[in-house]
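Down below is the structure, laid out as structure tokens.
2 protein chains.
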Amino acid sequence: MTTTGRHLVDLDRATATGLLASVPVGRLVWDGSAGLTAIPVNHVWQDDRVLIRTTAYSAIARECDDQLVAYEADDLDAGSRTGWSVLVRGRASIQWHADAAEADTAPWPGGPRPLVLAIEVVSVEGRRLVPAEH
Amino acid sequence: MTTTGRHLVDLDRATATGLLASVPVGRLVWDGSAGLTAIPVNHVWQDDRVLIRTTAYSAIARECDDQLVAYEADDLDAGSRTGWSVLVRGRASIQWHADAAEADTAPWPGGPRPLVLAIEVVSVEGRRLVPAEH
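The listed protein sequences derive, respectively, from chains A and B. All letters in the first sequence, in the order written, are residues 1 to 134 by the numbering used here. All letters in the second sequence, in the order written, are residues 1 to 134 by the numbering used here.
Structure representation (structure tokens):
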């Protein structure tokens with residue numbers, strides 16, 4: 001088997017949040033009106049919070065304020081079949097008075113995204129899939 | 001702004017499931033004992049179902065059988081800031097009598113994963129982030 005020996009290693013919190021901070025995109029997860037939802041968004045990691053920019057009319061703005069949500073980021077390499085993933089859980093809240101500069105998440109879609117959603121982190125889990133030892 | 005003009009386009013079901021089938025990895029999302037959970041797993045798309053392999057002692061096996069779950073896959077390019085994402089919702093069930101060959105998902109971590117979890121699809125959403133028109 002080609003997969004023999006590759007195994008998962010738990011990451012400590014500092015390592016996991018450092019990896020989360022190192023990538024521009026993750027997936028916001030919530031239990032919304034249409035059911036469990038996970039969509040890719042741009043984020044920044046700042047002061048132990050995940051910050052996301054969104055529009056006032058988005059499902060994120062309508063459904064995530066003051067809710068428990070999760071946020072997942074990963075970097076997986078299909079070639080070597082290795083990589084890492086981080087899962088943050090916490091309470092999301094819209095920052096009505098946030099300075100736009102505070103969350104310089106540089107959203108990939110065009111158009112203004114004036115609202116900032118902040119996830120106050122409750123728990124952090126991280127795992128790395130590493131090659132077999134030599 | 002560098003993001004001006006890039007925009008999201010909804011994908012039809014056939015396009016969305018075709019993209020899901022074209023990648024080896026997605027994120028299984030469920031509302032578990034520890035809260036909302038999303039973790040990367042290997043999948044195959046077969047007969048309108050998402051199939052994943054797992055172990056009998058995994059959180060997936062303990063918590064997802066006969067539950068409504070979601071499954072997200074994407075391919076995002078940080079260079080061009082374009083890409084696609086697909087979100088499937090459906091009911092998961094462990095296939096106790098599944099032929100292991102039926103779900104040849106080739107899990108990246110080593111070790112046996114004898115259980116097959118099948119997600120019977122209820123809904124499919126897909127979006128593509130495309131560059132501005134010329």
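Note that beta-carbon positions come from the ideal geometry of N, C-alpha and C, so glycine has one too.
At the level of alpha carbons, what is the spacing between S123 (chain A) and V88 (chain A)?
So the two alpha carbons sit approximately 6 angstroms from each other.
Which full runs of the alpha helix (DSSP H) of 4+ residues lie inside the segment 48-122 of chain A, going along the chain?
Qualifying alpha helix (DSSP H) stretches, in chain order: 59-64.
Less than 6 angstroms between C-beta atoms, sequence neighbours within five positions excluded: which residues of the same chain meet that for T37 (chain A)?
Result list for T37 (chain A): W30, in chain order.
Under 8 angstroms between C-beta atoms, does E63 (chain A) make it to chain B?
Not one chain B Cβ lies under 8 angstroms of E63 (chain A).
Under the rule that 16 or more other beta-carbon atoms within 10 Å means buried, what is W96 (chain B), buried or exposed?
Its Cβ having fewer than 16 others within 10 Å, W96 (chain B) is exposed.
Below 8 angstroms between beta carbons: does that hold for L28 (chain B) and V69 (chain B)?
Yes. Within cutoff.
Is A14 (chain B) close to chain A, meaning its C-beta is less than 8 angstroms from at least one C-beta of that chain?
No - not a single Cβ of chain A is within 8 angstroms of the one on A14 (chain B).
Give the range of the beta strand (DSSP E) segment to which G26 (chain B) is assigned.
Per DSSP, G26 (chain B) belongs to the beta strand (DSSP E) from 25-32.
Around the C-beta of R81 (chain A), are 16 or more other C-beta atoms found within 10 angstroms, so that it is buried, or is it exposed?
Classification of R81 (chain A): buried, given that the 10 Å Cβ count is 16 or more.
Taking the CB atoms as reference points, tell me whether V25 (chain B) and L19 (chain A) lie closer together than 8 angstroms.
Cβ distance not < 8 angstroms, so V25 (chain B) and L19 (chain A) don't count as in contact.
Where does G35 (chain A) fall in DSSP's three states?
Residue state, collapsed to three classes: strand.
With H, G and I counted as helix, E and B as strand and the rest as coil, what does DSSP make of L129 (chain A)?
Strand at L129 (chain A).
Pull up the distance between the alpha-carbon of I94 (chain B) and that of G111 (chain A), whole angstroms please.
One C-alpha to the other measures close to 43 angstroms.
I'd like to know if R6 (chain B) contacts chain A, where contact means its C-beta is closer than 8 angstroms to some C-beta of that chain.
It does; some Cβ of chain A falls within 8 angstroms.
Classify Y57 (chain A) as buried or exposed, calling it buried when 16 or more other Cβ atoms lie within 10 Å of its own Cβ.
Looking at its Cβ environment, which holds fewer than 16 other Cβ atoms inside 10 Å, Y57 (chain A) is exposed.
Quick one: does T120 (chain B) have its CB under 8 angstroms from some CB of chain A?
Checking the sequence, you will find Glu at residue 120 (chain B) rather than Thr. No, E120 (chain B) does not count as interfacial toward chain A.
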